[in-house]
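**Student:** Line order of the protein sequences matches chains A and B.
Heads up: the first sequence at position 104 corresponds to 104 in the working numbering, and the numbers run straight through without jumps.
Heads up, the working numbering is the position in the second sequence plus 1000, with the first residue counted as 1.
Beta carbons: idealized from backbone N, C-alpha and C, even for Gly.
Please read all numbers here as calculations on a predicted model, not as lab measurements.
Sharing a structure with you now.
2 protein chains.
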Amino acid sequence: MRFKKQSDYALRVLMYLATVQGDSTTIKEIAQSFGISQNHLMKVVQSLRQSGFVKTQRGNKGGIRLGQPAEQIKIGQVLRKVGEQNELAECFIQVGQCKIDRICQLKPALAKANDAFFEVLDGYSLADILGSPRAMSDLLRLGTRV
Amino acid sequence: MRFKKQSDYALRVLMYLATVQGDSTTIKEIAQSFGISQNHLMKVVQSLRQSGFVKTQRGNKGGIRLGQPAEQIKIGQVLRKVGEQNELAECFIQVGQCKIDRICQLKPALAKANDAFFEVLDGYSLADILGSPRAMSDLLRLGTRV
């Protein structure tokens, strides 16, 4: 199984912001640092802002920063909020499309498995998955920023 | 997150075979019953055969049938065997592609969540998710076959 690209990128944005530790940054900087598309990130940042995980400010001194301390941001919550819902099989997306949808017991089993998955990830904060901010900063080549 | 189509189809094949209760059937029949591509199913059945979940026999009286009783086939095992591996994020597929791969702690967290997911599904057998073979047979319009 695989996440949507959006989830992968959301976690990278948050890890970047946790690495710069309170400094404001831009979508362009994050996109360049990871070598990913700026357009993709815009949608992701909008979703993170709506959920309160990041704050954005327009203008010269503007930019993006974390909306909550990294220790309080739970990975399971982030993934659910950026749209990583349970779409494991066709029946979760197009109800009634599969002929056996009405009586098939796979759906509740998958829903339980899905809950167990996110429960594990709610046990990890952004700070937990970041590891060392200094080592992360070196890898992202943030230079003197941290 | 989403399964590969292959996993979805593998479970449908097994549910069909459990519904016909020991009778031999063909890929064509299963494909027609679910309204899905015969070509897709061929690859899936090959994978199920290699893992012992189905038996195939060539010839006039040939066809496909379950390789084990439905009560012994665990859903988690099926999904793992047909290739539903942990490919949640890019880093599971292309190691070293992401800049922070070396120190990022997301990967072990996702691996634990993935284990929890399959552990739940190992608690369900094919018989469990089938529900009533008679009701399933009606929905699949198997007529007098069961």
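Just to confirm before moving on: does the CB-CB distance between SER125/A and GLU71/A stay below 8 Å?
**Tutor:** yes
**Student:** Pull the bridge partners of LEU66/A from the DSSP assignment, please.
**Tutor:** VAL54/A
**Student:** Helix, strand or coil for SER1037/B? Go by DSSP, reduced to three states.
**Tutor:** Note: SER1037/B maps to coil in three-state DSSP.
**Student:** Measure the C-alpha to C-alpha separation of THR19/A and ASP128/A and round it to an integer number of angstroms.
**Tutor:** Going by the C-alpha atoms only, they are around 12 Å apart.
**Student:** Give me the subset of the stretch 95 to 111 of chain A whose CB atoms are less than 8 Å from a CB atom of chain B, sorted by chain position.
**Tutor:** So the close ones are CYS98, LYS99, ILE100, ARG102, ILE103, CYS104, GLN105, LEU106, ALA109, LEU110.
**Student:** Would you report the Cα separation of ASP1115/B and LEU1066/B, rounded to the nearest angstrom?
**Tutor:** 26 Å
**Student:** For a contact meaning CB atoms closer than 9 Å, what does ALA1010/B contact in chain A?
**Tutor:** Neighbours of ALA1010/B on chain A: none; closest Cβ ~11 Å, over 9 Å.
**Student:** For ARG1049/B, name the three-state secondary structure that DSSP assigns.
**Tutor:** helix
**Student:** Among the residues of its own chain, which have a CB less than 7 Å from the CB of GLY1063/B, if the five just before and after it don't count?
**Tutor:** Listed in chain order, the non-local C-beta contacts of GLY1063/B below 7 Å within the same chain comprise SER1024, THR1025, THR1026, GLN1057, local neighbours out to five positions each way being set aside.
**Student:** Measure the beta-carbon distance from TYR1009/B to VAL1044/B and round it to whole angstroms, keeping in mind my assumption that it falls under 8 Å.
**Tutor:** 5 Å
**Student:** Is the Cβ-Cβ distance between HIS1040/B and LYS1074/B less than 8 Å?
**Tutor:** no
**Student:** Helix, strand or coil: which one does DSSP assign to SER1007/B?
**Tutor:** helix
**Student:** Relative to the C-alpha of PHE118/A, which residue among GLY76/A, LYS112/A, ALA109/A, ALA89/A is closest?
**Tutor:** GLY76/A
**Student:** Going along chain A in order, which residues have a C-beta closer than 9 Å to the C-beta of SER1132/B?
**Tutor:** Under a criterion of Cβ atoms nearer than 9 Å, the residues of chain A adjacent to SER1132/B are, in order, ILE103.
**Student:** Below 8 Å on the Cβ atoms is my guess for MET1001/B versus ARG2/A; work out the distance and round it to an integer in Å.
**Tutor:** 6 Å
**Student:** Measuring CA to CA, which of ILE30/A, ARG49/A, SER7/A is closest to LEU142/A?
**Tutor:** ILE30/A
**Student:** Run through the DSSP bridge pairs and tell me what THR1025/B is partnered with.
**Tutor:** ILE1064/B
**Student:** Do you know how far the Cα of PRO69/A is from the Cα of LEU140/A?
**Tutor:** Approximately 20 Å, taken between the alpha carbons.
**Student:** Could you check if ILE1100/B is buried or exposed, using at least 16 other CB atoms within 10 Å of its CB as the buried criterion?
**Tutor:** The Cβ neighbour count for ILE1100/B, taken over all protein chains shown within 10 Å, is at least 16; the residue is labelled buried.
**Student:** Assign LYS99/A to one of three DSSP states: helix, strand, or coil.
**Tutor:** coil
**Student:** Less than 8 Å between CB atoms is the rule here; does ALA70/A satisfy it with respect to chain B?
**Tutor:** ALA70/A does not count as touching chain B.
**Student:** I need the straight-line Cα distance from ALA135/A to GLU1090/B, nearest angstrom please.
**Tutor:** Roughly 21 Å between the two C-alpha positions.
**Student:** Shorter than 8 Å from the beta carbon of PHE1034/B to some beta carbon of chain A?
**Tutor:** yes
**Student:** Just the Cα atoms here: how many angstroms apart are ALA113/A and VAL120/A?
**Tutor:** 11 Å
**Student:** Cβ of GLY1029/B less than 8 Å from any chain A Cβ?
**Tutor:** Note that residue 1029/B is Glu in the sequence shown, not Gly. No, because no Cβ of chain A sits closer than 8 Å to the Cβ of GLU1029/B.
**Student:** Is any heavy atom of the ligand ZN found at a distance shorter than 7 Å from the C-beta of ARG1012/B?
**Tutor:** With respect to small molecules bound, the structure shown includes none, and the ligand ZN cannot be examined in it.
**Student:** Around the C-beta of MET42/A, are 16 or more other C-beta atoms found within 10 angstroms, so that it is buried, or is it exposed?
**Tutor:** exposed
**Student:** When the distance is taken between beta carbons, is PRO133/A closer than 8 Å to GLN32/A?
**Tutor:** no
**Student:** By the three-class DSSP mapping on this structure, what secondary structure does SER132/A have?
**Tutor:** coil
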